[in-house]
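S.K.:
In the numbering used here, the protein residues as written are 31 to 367.
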């Protein structure tokens, strides 16, 4: 079983990961304390899907494949500590899989370039001489006098007009190879942020029945206070507006973008449930995943509710914060625990 644990940025998905690691049948596999981002990263697999299957054309398909390969290579070659670094951990396995996938969906390839591959215009003595001759001969010029267009190192145009069936067949194999590469030896492999809640509508196209997702939410009042006051004081940050009215608008619209999915392969839980309703939350997760309660051999050794409770109800720390979050209580009641 592959378990993806995800959330909405700062909502507490790591708490579920910690809980699961207390079971002897669960582990993070070969990449511990990692976020697995190659599917949803900008120019990743899901962006490639959208570009090739929605409004595709000759230039768009070339750009889509080119940018996908560049992004996968960036993640492969660079170890960012908490993501990427596949070459360091797995040698050539990841890029071999990328190349195989790209070869399967690339239908045509031929020399050429596009406007998006052009970097800049640069002075060229040879071009200057040619333009002088063309001027004397009265011929029309299509470029700046004496300048030549400098392109990227890209040499070929890659074209793909694959059908949905063809794309998903190859993409599914790419996903399976990634999971096999990173899987643990235990019965359950935990993946931190392999997908985002906003990607779950795609799940049936990419993942088999042995894949389940736990989505972690959190009291929006705490998220606002943490993002504005607490995390910055710790040298960290959250990509949230810090003005309460702007935060309300941001959070509402961000959540409204999600194509909400109900599925027996998706469990939604609040971070606070793991603290204030611990036994019920644990039972809910065990039932959802089919975990044996006897495997919970390190109960409260990694996720310690008595310790984590200090990370709840942060909005009550200062009286002025209690007043400030009243706007959230009024306008975002559906996100209050």
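Quick reminder that beta carbons are idealized off the backbone N, C-alpha and C, glycines included.
Considering Cα atoms alone, identify which of 37, 31, 32, 198 is closest to residue 227.
M.R.: Relative to residue 227, the option among 37, 31, 32, 198 whose CA is nearest is 37.
S.K.: Where does the unbroken alpha helix (DSSP H) through residue 232 begin, and where does it stop?
M.R.: Element bounds for residue 232: n/a, residue is neither H nor E.
S.K.: Answer yes or no: the CB of residue 205 versus the heavy atoms of the ligand HEM, is any distance below 8 Å?
M.R.: Absent from the structure shown: the ligand HEM. Ligands present: none.
S.K.: Evaluate residue 111 with the Cβ neighbour count: other Cβ atoms within 10 Å of its Cβ, from every protein chain shown; 16 or more gives buried, anything less gives exposed.
M.R.: exposed
S.K.: Comparing alpha-carbon positions, which option in 269, 315, 323 lies nearest residue 46?
M.R.: Taking each of 269, 315, 323 in turn and checking the Cα distance to residue 46, the smallest one comes out for 315.
S.K.: Three-state secondary structure (DSSP) at residue 194?
M.R.: Reduced to three states, the DSSP call for residue 194 is helix.
S.K.: In the structure shown, what three-state DSSP assignment does residue 42 receive?
M.R.: coil
S.K.: So, for residue 351: in the same chain, excluding its five sequence neighbours on each side, which residues have a beta-carbon less than 6 Å away from its beta-carbon?
M.R.: 255, 345
S.K.: Are the region 118–132 and the region 200–211 in contact at 8 Å, needing three or more beta carbon pairs?
M.R.: yes
S.K.: Out of 152, 257, 290, which one is the CA nearest neighbour of residue 175?
M.R.: That would be 152, whose Cα lies nearest to the Cα of residue 175.
S.K.: Tell me where the beta strand (DSSP E) around residue 260 begins and ends.
M.R.: Looking at the DSSP string, residue 260 is not in any beta strand (DSSP E), and its letter there is neither H nor E.
S.K.: Distance, Cα to Cα, residue 242 vs residue 88?
M.R.: 36 Å
S.K.: Measuring straight from C-alpha to C-alpha, what distance separates residue 280 and residue 216?
M.R.: The straight-line gap separating the alpha-carbon atoms of residue 280 and residue 216 is approximately 40 Å.
S.K.: How about the region 189–196 and the region 216–225: do they share at least three Cβ pairs that are nearer than 8 Å?
M.R.: no
S.K.: In chain order, what are the residue ranges of uninterrupted alpha helix (DSSP H) at least 4 long that sit wholly in the region 54–132?
M.R.: 75–83, 88–107, 116–120
S.K.: Since I believe residue 95 is in contact with residue 190 (beta carbons under 8 Å), could you give me their beta-carbon distance rounded to a whole number of angstroms?
M.R.: 6 Å
S.K.: Please name the residue or residues paired with residue 300 in a DSSP beta bridge.
M.R.: 247
S.K.: Please classify residue 67: is it buried, with 16 or more other beta-carbons within 10 angstroms of its beta-carbon, or exposed?
M.R.: buried
S.K.: Could you tell me whether the region 320–334 touches the region 289–297, where touching means 3 or more Cβ pairs closer than 8 Å?
M.R.: no
S.K.: I believe residue 302 touches residue 357 by the beta-carbon criterion, under 8 Å. Please report the beta-carbon distance rounded to the nearest angstrom.
M.R.: Actually they do not touch by this definition, with Cβ atoms about 20 Å apart.
S.K.: Assuming residue 223 and residue 43 are in contact, meaning their beta carbons sit under 8 Å apart, how far apart are those beta carbons, in whole angstroms?
M.R.: 7 Å
S.K.: Is it true that the CB of residue 296 sits closer than 9 Å to the CB of residue 245?
M.R.: yes
S.K.: When you compare only the Cα positions, how much space is there between residue 118 and residue 267?
M.R.: 28 Å
S.K.: State the Cα-Cα distance for the pair residue 300 and residue 207, rounded to the nearest angstrom.
M.R.: Their Cα atoms are separated by approximately 32 Å.
S.K.: So the candidates are 57, 31, 170; which of them puts its Cα closest to the Cα of residue 328?
M.R.: 57
S.K.: How is residue 175 classed by DSSP in three states: helix, strand or coil?
M.R.: Assignment of residue 175 by DSSP, reduced to helix, strand and coil, places it in the coil class.
S.K.: Among the candidates 252, 311, 287, 308, whose CA atom is the shortest distance from the CA of residue 354?
M.R.: Its Cα nearest to that of residue 354, the residue 252 stands out among 252, 311, 287, 308.
S.K.: Got a sec, what are the start and stop residues for the alpha helix (DSSP H) residue 162 sits in?
M.R.: 155–166
S.K.: Assign residue 69 to buried or exposed, taking buried as 16 or more other Cβ atoms, counted over all protein chains shown, within 10 Å of its Cβ.
M.R.: buried
S.K.: Answer with buried or exposed for residue 98, where buried requires no fewer than 16 other C-beta atoms within 10 angstroms of its C-beta.
M.R.: buried
S.K.: Of all the alpha helix (DSSP H) runs that stay within the bounds of the region 328–355, which reach a length of 4 or more residues?
M.R.: 335–338, 349–354
S.K.: By alpha-carbon positions, which one of 278, 261, 320 ends up nearest to residue 240?
M.R.: Comparing alpha-carbon positions, the option among 278, 261, 320 lying closest to residue 240 turns out to be 320.
S.K.: Quick check on residue 100: buried or exposed, where buried means 16 or more other Cβ atoms within 10 Å of its Cβ?
M.R.: Under a 10 Å Cβ-count criterion, residue 100 is classified as exposed, with fewer than 16 other Cβ atoms of the shown protein chains found around its own Cβ.
S.K.: Take residue 65 and list the residues in its own chain whose beta-carbon comes closer than 7 Å to its own, dropping the five residues that flank it on each side.
M.R.: 112, 113, 222, 223
S.K.: For residue 204, which residues does DSSP report across the bridge?
M.R.: Answer by DSSP bridge pairing: none, since residue 204 is not bridged.
S.K.: Following the continuous alpha helix (DSSP H) through residue 366, name the residue where it begins and the one where it ends.
M.R.: That residue, residue 366, is in no alpha helix (DSSP H); it is neither H nor E in DSSP.
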